[in-house]
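*Asks:* Structure in C-alpha cells, see below.
Chains as they are written, first to last, in our numbering: chain A, 1 to 141; chain B, 1001 to 1245.
Pasting the structure below:
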C-alpha cells in the first residue's frame, strides 16, 4: 500500500466517523429529541444553547458537510488524485480554529461538555494532524 | 513512420484520459456510497435510541391508536387559575434544557400573571437521566406539604449537584430541611406508591400526547413549536393571550 492510499484511507475513515457523529446529532436536533450523553453529561445544555446554531442552521449539519468534503477529497486521493488534499486542508484549517472556539465555549461559557462535540474535536484534530503529515502543499499543482 | 508514432501517442493520451475519467467515476461512486452509508448508520442510531427510550419508560407506545391526544390542565399550577391561556409544561428535573427554560417560563408568567396559567407535569426521562424519577418524587412529596414550587425551583437550581450522584436523597433531604418540611413525612412520601402512580400518569399523558423530548410545552392544548430565545417564547405566549381575549 502506498503512502497516498494509506493517508487517503485513514482520512476517509476518520471523516466517515465524523459524518455519522454529526448526522446523528443533526437528525436528533431536527426532530427536537434529547440526545443522550453518557460520558460528559452536558449534551442537552450544549446542543440546546444558542451556540449550537449559526443563523438558525445547526452546527451539526455544517460539520456533516465538512466531513463529507474531507471524505470526498480523501477518496479522490485513494484513487490517485492526491492534489485534492490541498482543498481538504483548506477546509480543515478553519474547521480546526472553529473547533477550538467551540471547546472554549463549552468549557468556559456553558461550563458543560458534550460527548459528540468532543468526539468531533478529536476527529478534526486527527484529520489536521494527518494533513500536516501528508504535506499536501508540497504537491505540484 | 512519423504518422504511426503520432497515432501511438494520441492513443496513449486517449487511454490515459479514459483511465482518469474511470478513476474519477469510481471515486465519485465511493464518495456517494460512504455519505449514504454514514446517513444510514446515523438514522439507525436515532431510531435505536428512540426505541430504547420508549422501552425504558415501561409504558406502551401509542403507535397505531387512532385518537387525538388531550393534554389536560391538571397538575401543579401557577398564575391565574381562571386564565383563558393555559401553558402546560412536561419537564424533567435532571434535564439542563428544562433548568434553562425555568427562568424563561418564570419571566413570561411574571409578564402575564393575570392572563396565563402554567401547569407543570412530570416527565422524568429515566433512561437517560438516572436521578430524574426520584427528583420528581421529591417535588411531589414537597407538594404534599404545599411546597411543590419551592422544591421545583431548588431542584432545577441545584440540578448539577444531585444530577449524577449515586444517592441524591441526601440533597433532597437538605432542600426539604431548607423549606422547613416535616422530614419524616417527606421521607415517607418520597417513596409513596401514590406519588409514583401520579408521576406515571403524567408520563403516560405525555407519551399519548407524543412528548419526545423535554421540556415540551402545550399552549391551549396544542404543541408549542421549539423556540430559540426567550423573546420568541414570549411572542408566542403574548400572541395566544391576544387571541384568547
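Positions of the beta carbon are idealized from the N, C-alpha and C atoms, including for glycine.
Just tell me which of 89(A), 104(A) and 61(A) has its CA closest to the CA of residue 129(A).
*Replies:* The candidate whose alpha carbon is nearest that of residue 129(A) is 89(A).
*Asks:* Please classify residue 1191(B): does DSSP put it in a helix, a strand, or coil?
*Replies:* Three-state DSSP puts residue 1191(B) in coil, outside helix and strand.
*Asks:* Return the chain-ordered list of same chain residues with a C-beta closer than 6 angstroms to the C-beta of residue 1227(B), the five sequence neighbours on each side being excluded.
*Replies:* Once the five neighbours on either side are set aside, the close Cβ partners of residue 1227(B) are 1233.
*Asks:* Quick one: Cα of residue 9(A) to Cα of residue 1045(B), how far?
*Replies:* So the two alpha carbons sit approximately 24 angstroms from each other.
*Asks:* How is the alpha helix (DSSP H) around residue 63(A) delimited, first residue to last?
*Replies:* Note, residue 63(A): alpha helix (DSSP H), 59 to 78.
*Asks:* So which residues of chain B does residue 12(A) contact, with C-beta pairs closer than 8 angstroms?
*Replies:* Going along chain B in sequence order, the residues near residue 12(A) (Cβ under 8 angstroms) are 1034.
*Asks:* How would you list, in chain order, the residues of chain A whose beta-carbon sits under 8 angstroms from the beta-carbon of residue 1026(B)?
*Replies:* Near residue 1026(B) (Cβ distances below 8 angstroms), the residues of chain A are 79.
*Asks:* Taking the CB atoms as reference points, tell me whether residue 1047(B) and residue 1094(B) lie closer together than 8 angstroms.
*Replies:* No.
*Asks:* Residue 1224(B) lies in the beta strand (DSSP E); which residues open and close that run?
*Replies:* Per DSSP, residue 1224(B) belongs to no beta strand (DSSP E) and is neither H nor E.
*Asks:* If you measure beta-carbon to beta-carbon, which residues of the stretch 1227 to 1241 of chain B are closer than 8 angstroms to chain A?
*Replies:* Flagged, chain order: 1228 and 1229.
*Asks:* Let me know if residue 137(A) comes out buried or exposed under the rule of 16 or more other beta-carbons within 10 Å of its beta-carbon.
*Replies:* Exposed.
*Asks:* By the DSSP assignment, the beta strand (DSSP E) with residue 1078(B) in it spans what residues?
*Replies:* Where residue 1078(B) is concerned, the enclosing beta strand (DSSP E) stretches over 1076 to 1079.
*Asks:* Let me make sure I understand the geometry here. Which of 55(A), 126(A) and 113(A) has the alpha-carbon closest to that of residue 45(A)?
*Replies:* Nearest of 55(A), 126(A) and 113(A) to residue 45(A), Cα basis: 113(A).
*Asks:* Where does residue 1121(B) fall in DSSP's three states?
*Replies:* DSSP places residue 1121(B) in strand when its eight states are reduced to three.
*Asks:* Roughly how many whole angstroms lie between the Cα atoms of residue 22(A) and residue 64(A)?
*Replies:* For residue 22(A) and residue 64(A), the distance between alpha carbons rounds to 5 angstroms.
*Asks:* Answer with buried or exposed for residue 1177(B), where buried requires no fewer than 16 other C-beta atoms within 10 angstroms of its C-beta.
*Replies:* Exposed.
*Asks:* Mapping DSSP to helix, strand and coil, what is residue 39(A)?
*Replies:* DSSP places residue 39(A) in coil when its eight states are reduced to three.
*Asks:* Run through chain B and tell me which residues come within less than 8 angstroms of residue 66(A), C-beta to C-beta.
*Replies:* Under the 8 angstroms cutoff, chain B gives no residues; its nearest Cβ is about 12 angstroms from residue 66(A).
*Asks:* Suppose you measure from the CA of residue 1242(B) to the CA of residue 1114(B); what does that come to, to the nearest Å?
*Replies:* About 13 angstroms.
*Asks:* Have a look at residue 1180(B) and residue 1075(B) and give me their C-alpha separation to the nearest angstrom.
*Replies:* Straight-line Cα distance between these residues: approximately 23 angstroms.
*Asks:* Taking the C-alpha atoms as reference points, what is the distance between residue 125(A) and residue 97(A)?
*Replies:* Roughly 10 angstroms between the two C-alpha positions.
*Asks:* Just to confirm, is the Cβ distance from residue 1118(B) to residue 1077(B) under 8 angstroms?
*Replies:* Against a cut-off of 8 angstroms, the Cβ pair of residue 1077(B) and residue 1118(B) comes out as a contact.
*Asks:* Going by Cα to Cα distance, which pick from 1238(B), 1049(B) and 1245(B) is closest to residue 1105(B)?
*Replies:* Selected option, being the one with the closest Cα: 1238(B).
*Asks:* So, residue 24(A) versus residue 1042(B), is the Cβ gap smaller than 8 angstroms?
*Replies:* Contact flag set, yes.
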